[in-house]
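Student: So the sequence shown is numbered by UniProt numbering: it starts at 1 and just counts up by one.
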Amino acid sequence: MLVRMAGELRVRPEYFLRDTYESDRPTFLRSLSSTLVRDLAYQKAQMQWLHEASYIISHYVDLPEVDIPDVLAGADYTQLRDEDLEQIALDLRRHWNLGEGPSGDIVALMERIGVVVATIPMNTTKLDGLCSWSPIDGRPHVLLATDKMSFPRRQMDAAHELAHAILHRSVPAEEFEANLRMIERQAFRLGSAFLMPSTSYPHEVRRCSLAVLANLKERWRVSIKAQIKRLYDLDIIPEDLSLQLYKLYSAKGWSKGEPLDQHWPIQQPRALRDSLNLIVDNGVRSKADLLATEFTISATDVELLCGLSPGWFERDAAEVVTLKRTALDGQAAPQSEGQVIAFPDRHRR
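(1) From Ser286, Asp261 and Leu63, pick the residue whose C-alpha is nearest to that of valine 116; which is it?
(2) Less than 8 angstroms between the C-beta atoms of aspartate 105 and aspartate 128, yes or no?
(3) Kindly identify the DSSP beta-bridge partner or partners of tryptophan 133.
(4) DSSP on threonine 300, reduced to helix/strand/coil?
(5) Please report how far the alpha carbon of alanine 318 lies from the alpha carbon of valine 302, in whole angstroms.
(6) Between the region 224-235 and the region 172-185, are three or more C-beta pairs nearer than 8 angstroms?
(7) Alanine 211: which of Ile236, Pro259 and Arg230 sits nearest, CA to CA?
(8) Excluding the five sequence neighbours on either side, which residues of its own chain have a C-beta within less than 7 angstroms of the C-beta of glutamate 204, listed in chain order?
(9) Check for me: the alpha helix (DSSP H) holding residue 387 runs from which residue to which?
(10) In whole angstroms, give me the CA-to-CA distance for tyrosine 60 and isoleucine 279.
(11) Looking at the structure shown, is glutamate 145 part of a helix, part of a strand, or coil, going by DSSP?
(12) Do aspartate 67 and glycine 114 count as a contact pair if the criterion is CB distance below 8 angstroms?
(13) Under the three-state reduction of DSSP, which class applies to isoleucine 279: helix, strand or coil?
(14) Hey, would you say leucine 190 sits closer than 8 angstroms to alanine 163, going by beta carbons?
(15) What runs of the beta strand (DSSP E), each 3 residues or longer, lie entirely inside the UniProt domain "IrrE N-terminal-like" (111-231)?
(16) According to the neighbour-count rule (16 or more other Cβ atoms, all chains shown, within 10 Å of its Cβ), is arginine 112 buried or exposed?
(17) Could you tell me whether the region 242-251 touches the region 282-295, using the rule of 3 or more Cβ pairs below 8 angstroms?
(18) Can you give me the Cβ contacts of glutamate 100 inside the same chain, cut-off strictly under 6 angstroms, excluding the 5 residues immediately before and after it?
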């Protein structure tokens, strides 16, 4: 029975015998109210597997220390005002030495400050991301959807989940659904303020039109739709103008894809992937050993959650290529001085 269940779930039988860790803190999911129970259960299982995978890896590799300041300092999250969230965004940028201009890759920032990030297809349009503090090691974990993916979209999704990790770590599970609307609004406001600081971004909006916002998108790497909402939230444009811009936006068909969406390549999270490569390449543990004695989920699921290429566990290390003996002896090599050949410049221009 146990073996059959393990086969159906693509896990080892030991999965059912492992220690389990329960948390009284919720997993933050966007669009919870419209998410199917089946999808919700699947994504929560993926988050639990991510907790366990990163904990196993941390036995061998020092992941970055968690560097998320206590911005609430004991205050109740329900009492936060919009101006408080704006100030928190500025304080966080100062804490992480980001300045007040356009931010870099938020996923890369999250990994630097100790957040474990994975990207997976969620196979539903109702979910964009999940955030959870692990009860195993007290580290924040984020799952981001690869569905409907563009770099500006992922920037906002990542900033939103980071905001949950910052603001809502101590929210009891029983409060989550009751205060869901407030919790989501706070996360969106903080995420937007973090990407588009109130002290800098508005000064670049000389006039408000879709063309102007498209130009600003190229610099700030935030979607046009998110910029409209940001300008309205900051009282820079009135409600009637924001509604007019949204109508024009929809009329152009941009709800299915904006200009410049594919302008930037999307870099994948690398902390877990690089850690596993480090463990294997240095002979600390073999791939087969990791699967047999450490991970209780399938190789496919580990590869997905850790950002490894499909089939990574099945591939052996590459053979070492050596020079022919004649070349080493100099028999076939010319006697002239060697020429140093530079590698091509692979940097994006």
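The beta carbon of each residue, even a glycine, is placed where N, CA and C say it ideally should be.
Tutor: On the basis of the coordinates in this document:
(1) Leu63
(2) no
(3) Pro140
(4) helix
(5) Residue placement at alanine 318 is flagged as unreliable, the pLDDT there being 49, under the threshold of 50; the coordinate-derived value follows with that caveat. Computed Cα separation, rounded: 21 angstroms.
(6) no
(7) Pro259
(8) Leu216
(9) Residue numbering for the chain in the displayed model covers 1 to 349; residue 387 lies beyond these limits and cannot be assessed.
(10) 7 angstroms
(11) Looking at the sequence shown, residue 145 is not glutamate but alanine. Correct three-state label for alanine 145: strand.
(12) yes
(13) helix
(14) yes
(15) 116-120, 129-133 and 140-145
(16) exposed
(17) no
(18) Pro197, Thr199 and Ser200
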